[in-house]
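Asker: I am attaching a structure below and will ask some questions about it afterwards.
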Amino acid sequence: MEDDPFLRQFHPSELKIASEFLTNWLSFLSRDLCKDCVHALSDRIRSLDPEHCSNTDEVQGDGKACLESEGTSNNVDDDYDGKSPRDLENGGDCDKPSLGSWKESGISFGTVSEVLDSVSEPPSNVGAAETASPRMSWADMSQEEEDEFEEEEEEEERGSSRKASDESPMKTPEKPKLSREQRENLRLRHVKRKKDFICLERIKGKLVNVVDGLELHTGVFSAVEQKRIVDQVYQLQEKGRKGELRVRTFTAPQKWMRGKGRVTIQFGCCYNYATDRAGNPPGILQREEVDPLPSLFKVIIRRLINWHVLPPTCVPDSCIVNIYDEGDCIPPHIDNHDFLRPFCTISFLSECNILFGSNLKVEGPGEFSGSYSIPLPVGSVLVLKGNGADVAKHCVPAVPTKRISITFRKMDESKRPVWFTPEPDLQGIEPLPLEPNLSGSAAGSSGSNNHRGHGRRGRGNNYDTRGYYNPERSSGGDYDSREWSSSQRRGKQRPAGRN
Numbered sequence: 001m002e003d004d005p006f007l008r009q010f011h012p013s014e015l016k017i018a019s020e021f022l023t024n025w026l027s028f029l030s031r032d033l034c035k036d037c038v039h040a041l042s043d044r045i046r047s048l049d050p051e052h053c054s055n056t057d058e059v060q061g062d063g064k065a066c067l068e069s070e071g072t073s074n075n076v077d078d079d080y081d082g083k084s085p086r087d088l089e090n091g092g093d094c095d096k097p098s099l100g101s102w103k104e105s106g107i108s109f110g111t112v113s114e115v116l117d118s119v120s121e122p123p124s125n126v127g128a129a130e131t132a133s134p135r136m137s138w139a140d141m142s143q144e145e146e147d148e149f150e151e152e153e154e155e156e157e158r159g160s161s162r163k164a165s166d167e168s169p170m171k172t173p174e175k176p177k178l179s180r181e182q183r184e185n186l187r188l189r190h191v192k193r194k195k196d197f198i199c200l201e202r203i204k205g206k207l208v209n210v211v212d213g214l215e216l217h218t219g220v221f222s223a224v225e226q227k228r229i230v231d232q233v234y235q236l237q238e239k240g241r242k243g244e245l246r247v248r249t250f251t252a253p254q255k256w257m258r259g260k261g262r263v264t265i266q267f268g269c270c271y272n273y274a275t276d277r278a279g280n281p282p283g284i285l286q287r288e289e290v291d292p293l294p295s296l297f298k299v300i301i302r303r304l305i306n307w308h309v310l311p312p313t314c315v316p317d318s319c320i321v322n323i324y325d326e327g328d329c330i331p332p333h334i335d336n337h338d339f340l341r342p343f344c345t346i347s348f349l350s351e352c353n354i355l356f357g358s359n360l361k362v363e364g365p366g367e368f369s370g371s372y373s374i375p376l377p378v379g380s381v382l383v384l385k386g387n388g389a390d391v392a393k394h395c396v397p398a399v400p401t402k403r404i405s406i407t408f409r410k411m412d413e414s415k416r417p418v419w420f421t422p423e424p425d426l427q428g429i430e431p432l433p434l435e436p437n438l439s440g441s442a443a444g445s446s447g448s449n450n451h452r453g454h455g456r457r458g459r460g461n462n463y464d465t466r467g468y469y470n471p472e473r474s475s476g477g478d479y480d481s482r483e484w485s486s487s488q489r490r491g492k493q494r495p496a497g498r499n
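Residue numbers (full-length UniProt numbering): 1 to 499.
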C-alpha cells in the first residue's frame with residue numbers, strides 16, 4: 001500500500017488514525033457482506049497501518065478461523081443490529097470529530113480481529129456488553145434530561161437505557177456528558193416567550209389594551225414530558241371513576257347538551273363555579289376537602305418557576321385539570337379573585353383557540369365571539385395577569401378534538417381551605433439564572449411586559465398609570481378590535497398581525 005498514490009498524500013500518523021477509526025466501524029461497514037468481502041475489507045483497513053498489521057497477524061488467523069467455522073454467507077448475527085440509522089443520525093455530521101481529533105482525544109480502538117470476534121460471537125456473548133459504558137448520543141442526553149423530569153420514574157427509565165446498551169455487542173467510546181445544569185440551561189435558552197399581545201377596546205371612553213399582561217411560553221415541555229403528564233392525567237381519571245379519589249376531587253357530570261359536562265379534577269382546593277344548592281357563592285369552598293397535588297404536578301410547578309414562566313412570589317398551590325371531549329367548551333368568565341395573579345394554563349393533546357374580550361358573546365351551544373383569538377399550541381403555557389386576567393373575559397369555544405388543560409393557581413391565603421397545609425417541597429423555589437445569549441442579552445426577557453414597542457413598558461409612555469391606553473402619547477400605529485367569532489375561525493385565518 002506504500003505505492004498507492006492516494007495514500008502517499010497522508011502522513012503515517014494520519015493513516016494509523018484512519019485505520020483505528022475504520023476498525024471501530026468494521027462490524028457496521030461489513031454488515032450483510034459475504035465472508036470473502038469481509039476479509040478483503042478488513043485486510044484493506046489493516047494495511048493502512050503496517051505496524052498494527054504486523055502486531056496482529058497471529059490474532060488475525062484466529063479471527064479468520066472463527067469466521068470460517070460459522071459457515072454462513074452473512075458475517076453478522078441475525079439478532080445484531082449494530083449501529084442503527086438512528087444512532088448515525090444522532091451522532092452524525094453535526095458533532096463528528098476530524099481525524100486529528102481522534103488522536104488528540106487519546107481514544108484507543110480495538111484491533112480488527114477483536115471486531116471480527118465480536119461479529120462472529122453467538123448472541124449469548126452480548127451480555128458482556130452490559131459492563132461497557134454506552135455511547136452517549138445527543139438523543140441520550142435529551143432522554144436523560146427527560147428522565148430527571150419525573151423523579152419517581154427514574155429507575156424505570158434507567159432500565160430502558162440499559163436495555164438499549166445491551167443491544168450493542170461492541171464497546172464504544174463514551175461521549176463527553178453535559179451536566180444537568182448545562183442541559184437545563186440549553187433548553188431554557190430555547191424557550192420562546194410571546195408577550196406583545198395587543199387588542200384595543202374602549203373601556204369607559206378610553207382605549208385599553210385588554211390583553212396586556214398575557215404571555216405565551218412554548219418549548220417548556222418536551223414531547224416525552226407531555227406524554228408522561230397526559231398518561232398521569234388519564235390514570236387520575238381512572239382512579240376518579242373507580243372512587244379512589246375524594247368526592248370533590250373528581251367530577252364527571254352527564255353531558256346534557258353540547259359543550260356541557262367536561263371532566264374536571266381539582267387538587268389543593270375545591271372551587272365552586274356557581275352558587276350551589278347549599279347557597280355557597282362561587283369561589284373556594286373552605287370546608288370541602290380534596291386530594292393534595294400529585295408529585296408529578298409539583299415537578300411541573302418547579303419547572304414553571306425555575307424556567308421563568310411564573311414568578312417565585314406566586315408559586316401555585318392548587319390546580320384544576322380539564323379533560324375535554326370533542327365539542328366541550330368553557331364559557332366566558334374572569335377567574336375568581338380567591339386566586340392570585342398571575343396564574344397559568346398548560347395545553348395538551350391538541351391545539352385550540354382561546355378568545356379574549358371585554359364583551360364576549362354567546363352565539364350558540366359552544367359558540368362564542370370576541371375581540372381577540374389566541375391559538376394555544378400543544379405543550380404551550382399561557383400566563384394570565386394584568387388586563388388579560390382582570391379586564392378581558394376569556395373562553396374556550398367547542399374544541400374540535402380531545403384536549404387536556406391544567407390550570408395552576410395560587411390561593412389567597414385568607415381563602416385557603418381550613419385543612420390546607422403548604423407543600424414543603426414547593427417552598428423557596430427560585431428561577432434559574434438566565435445565561436446571556438449570543439447577542440449578549442439575557443434569554444427570555446421574562447422580567448417585563450415587552451410589547452415590542454407598543455406595551456406599557458415597551459415605549460414607556462403609551463399607557464397611563466392605570467394601564468389605560470393614551471392615543472395622544474402614541475407615536476404611531478393603527479390598531480382595531482375586529483370581532484372574531486368562534487364560528488368564523490373554522491373557515492378563516494386570523495388577520496395578519498393580530499397575535
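Here a beta-carbon is modelled for each residue, glycine too, at the ideal position from N, C-alpha and C.
Keep in mind that this is a model prediction, so the values were computed, not measured.
Just the C-alpha distance for LEU7 and TRP25, rounded to the nearest angstrom, thanks.
Answerer: On the sequence shown, position 7 is the one that residue 7 refers to. On the sequence shown, position 25 is the one that residue 25 refers to. Going from the Cα of LEU7 to the Cα of TRP25 covers about 20 Å.
Asker: Compare the C-alpha of PRO433 against each of ILE305, LYS177 and LEU207 and name the closest.
Answerer: Walking along the sequence shown from the start, residue 433 turns up at place 433. The shortest CA-to-CA distance from PRO433 to any of ILE305, LYS177 and LEU207 is the one to ILE305.
Asker: Can you list the beta strand (DSSP E) stretches of 3 or more residues lying completely in the region 193–260, in chain order?
Answerer: Those beta strand (DSSP E) runs which fall completely within the region 193–260 and span 3+ residues are 200–203, 206–209 and 215–218.
Asker: Between the C-alpha atoms of GLN9 and ALA223, what's the straight-line distance to the nearest angstrom?
Answerer: As a position in the sequence shown, residue 9 is number 9, starting the count at 1. As a position in the sequence shown, residue 223 is number 223, starting the count at 1. For GLN9 and ALA223, the gap between their C-alpha atoms comes out near 48 Å.
Asker: Using 8 Å as the Cβ pair cut-off and three pairs as the minimum, do the region 282–296 and the region 386–399 touch?
Answerer: no
Asker: Looking at ASN272 and SER405, is the spacing between their C-beta atoms short of 7 Å?
Answerer: Taking the sequence shown and counting its residues from 1, the one referred to as residue 405 is at position 405. Taking the sequence shown and counting its residues from 1, the one referred to as residue 272 is at position 272. Not closer than 7 Å, so no.
Asker: Rank SER369, SER371, ALA398 and PRO176 by C-alpha distance to the C-alpha of CYS352 and give the top, closest one.
Answerer: For the purposes of this step, residue 352 is taken as residue 352 along the sequence shown, with counting starting at 1. Residue ALA398 is the option with its Cα nearest to CYS352.
Asker: In the DSSP output, which residue or residues are listed as bridge partners for VAL321?
Answerer: Residue numbering aside, residue 321 sits at position 321 when the sequence shown is read from its first letter. Paired residues: ILE265 and ILE406.
Asker: Look at LEU296 and LYS410 and say whether their C-beta atoms are less than 7 Å apart.
Answerer: Residue numbering aside, residue 296 sits at position 296 when the sequence shown is read from its first letter. Residue numbering aside, residue 410 sits at position 410 when the sequence shown is read from its first letter. 7 Å or more divides the Cβ of LEU296 from the Cβ of LYS410.
Asker: Cα separation between PRO97 and SER30?
Answerer: Numbered from its first residue, the sequence shown carries residue 97 at position 97. Numbered from its first residue, the sequence shown carries residue 30 at position 30. Residue confidence for PRO97 is low, a pLDDT of 39 falling below 50, so the modelled location carries little weight; the figure read from the coordinates is stated next. When rounded, the distance between both Cα atoms is 22 Å.
Asker: What first and last residue would you give for the alpha helix (DSSP H) that runs through HIS39?
Answerer: Position 39 of the sequence shown, counted from the start, is the residue given in the question as residue 39. Its alpha helix (DSSP H) spans residues 35–46.
Asker: Does the distance from the C-beta atom of LEU200 to that of LEU207 stay below 7 Å?
Answerer: For the purposes of this step, residue 200 is identified with residue 200 of the sequence shown, where counting begins at 1. For the purposes of this step, residue 207 is identified with residue 207 of the sequence shown, where counting begins at 1. For LEU200 and LEU207, yes; Cβs fall inside 7 Å.
Asker: How far does the alpha helix (DSSP H) with SER19 in it extend, from its first residue to its last?
Answerer: Locating residue 19 in the sequence shown gives position 19, counting from the first residue. It spans 12–24 - the alpha helix (DSSP H) in which SER19 sits, taken as one unbroken run.
Asker: Quick one: give me the first and last residue of the alpha helix (DSSP H) that PHE368 is part of.
Answerer: Looking up residue 368 in the sequence shown gives position 368. Run containing PHE368: none in the alpha helix (DSSP H); it sits in the beta strand (DSSP E), 367–370.
Asker: Nearest by alpha-carbon distance to VAL378: which of GLY327, ARG241, ASP49 and ILE229 is it?
Answerer: Residue mapping note: residue 378 aligns to position 378 of the sequence shown, counting from 1. It is ILE229.
Asker: Should the region 362–370 be called in touch with the region 319–333, which here means at least 3 C-beta pairs below 8 Å?
Answerer: Under the 8 Å Cβ criterion, the region 362–370 counts as touching the region 319–333, having at least three qualifying pairs.
Asker: Look up SER179 in the DSSP assignment and give the residues it is bridged to.
Answerer: Here residue 179 refers to the residue found at position 179 when the sequence shown is read from its first residue. Beta-bridge pairing links SER179 to no other residue.
Asker: Based on Cα-Cα distance, which residue from ASP43, SER371, SER27 and ASN185 lies nearest to PRO431?
Answerer: Your numbering for residue 431 matches position 431 in the sequence shown. Nearest option by C-alpha distance: ASN185.
Asker: Alpha carbon to alpha carbon, how far is SER27 from HIS39? Give it in angstroms, no decimals.
Answerer: By 1-based counting over the sequence shown, the position of residue 39 is 39. By 1-based counting over the sequence shown, the position of residue 27 is 27. Roughly 12 Å separates the two Cα atoms.
Asker: How would you call GLU244, buried or exposed, if buried means at least 16 neighbouring beta carbons within 10 angstroms?
Answerer: For this step, residue 244 is matched to residue 244 along the sequence shown. By the 10 Å Cβ count, GLU244 comes out exposed.
Asker: Under 7 Å Cβ to Cβ from PRO375, same chain only, skipping five residues before and after it: list those, please.
Answerer: As a position in the sequence shown, residue 375 is number 375, starting the count at 1. Counting only Cβ-Cβ distances below 7 Å, and skipping sequence neighbours, we find GLU351 and ASN353.
Asker: Give me, in chain order, the residues of the same chain whose beta-carbon lies closer than 7 Å to that of LYS255; leave out the 5 immediate sequence neighbours on both sides.
Answerer: In the sequence shown, residue 255 corresponds to position 255, counting from 1. Result list for LYS255: GLY261, in chain order.
Asker: Name the DSSP beta bridge partners of SER347, please?
Answerer: Here residue 347 is taken as the residue at index 347 of the sequence shown, counted from 1. Paired residues: SER405.
Asker: Using DSSP with H/G/I as helix, E/B as strand and the rest coil, what is LYS393?
Answerer: Locating residue 393 in the sequence shown gives position 393, counting from the first residue. Note: LYS393 maps to strand in three-state DSSP.
Asker: By alpha-carbon positions, which one of ARG180, PRO400, THR421 and SER358 ends up nearest to residue 500?
Answerer: Outside the displayed range of the chain (1 to 499) lies residue 500, so it cannot be described from this structure.
Asker: If you check the beta carbons only, do VAL233 and VAL191 fall under 7 Å apart?
Answerer: Against the sequence shown, residue 233 aligns to sequence position 233. Against the sequence shown, residue 191 aligns to sequence position 191. It is not a contact, given that the beta carbons lie outside the stated cut-off.
Asker: Nearest-angstrom Cα distance between PHE250 and PRO294?
Answerer: To locate residue 250, count along the sequence shown from 1; it is residue 250. To locate residue 294, count along the sequence shown from 1; it is residue 294. Going from the Cα of PHE250 to the Cα of PRO294 covers about 14 Å.
Asker: Distance, Cα to Cα, SER47 vs HIS308?
Answerer: Residue numbering aside, residue 47 sits at position 47 when the sequence shown is read from its first letter. Residue numbering aside, residue 308 sits at position 308 when the sequence shown is read from its first letter. For SER47 and HIS308, the distance between alpha carbons rounds to 58 Å.
Asker: Please state whether DSSP places LYS415 in a helix, a strand or coil.
Answerer: In the sequence shown, residue 415 corresponds to position 415, counting from 1. Of the three classes helix, strand and coil, the one that applies to LYS415 here is helix, per DSSP.
Asker: If you count every other CB in all the chains shown that lies within 10 Å of the CB of LYS242, and 16 or more means buried, which is it?
Answerer: Your numbering for residue 242 matches position 242 in the sequence shown. Exposed.
Asker: Closer than 7 Å, CB to CB, is GLN427 near chain C or not?
Answerer: Of the protein chains in this structure there is only one, and it is not chain C.
Asker: Do TYR372 and PHE356 have their C-beta atoms closer together than 7 Å?
Answerer: Within the sequence shown, residue 372 is the residue found at index 372, counting from 1. Within the sequence shown, residue 356 is the residue found at index 356, counting from 1. The answer is yes: Cβ separation under 7 Å.
Asker: Is the distance from the Cβ of SER13 to the Cβ of ASP49 below 7 Å?
Answerer: The count along the sequence shown starts at 1 and reaches residue 13 at position 13. The count along the sequence shown starts at 1 and reaches residue 49 at position 49. Not a contact, by the Cβ cut-off of 7 Å.
Asker: Please tell me whether VAL362 and HIS217 are closer than 7 Å, where the distance is taken between their beta carbons.
Answerer: As a first step, residue 362 must be located in the sequence shown, where it is residue number 362. As a first step, residue 217 must be located in the sequence shown, where it is residue number 217. No, Cβ-Cβ distance for VAL362 and HIS217 is not below 7 Å.
Asker: DSSP three-state label for GLY279, please.
Answerer: As a working note, residue 279 is residue 279 in the sequence shown. Coil.
Asker: Going by C-alpha to C-alpha distance, which of PRO331, ASP317, ALA252 and LYS16 sits closest to THR421?
Answerer: Position 421 of the sequence shown, counted from the start, is the residue given in the question as residue 421. Taking each of PRO331, ASP317, ALA252 and LYS16 in turn and checking the Cα distance to THR421, the smallest one comes out for ASP317.
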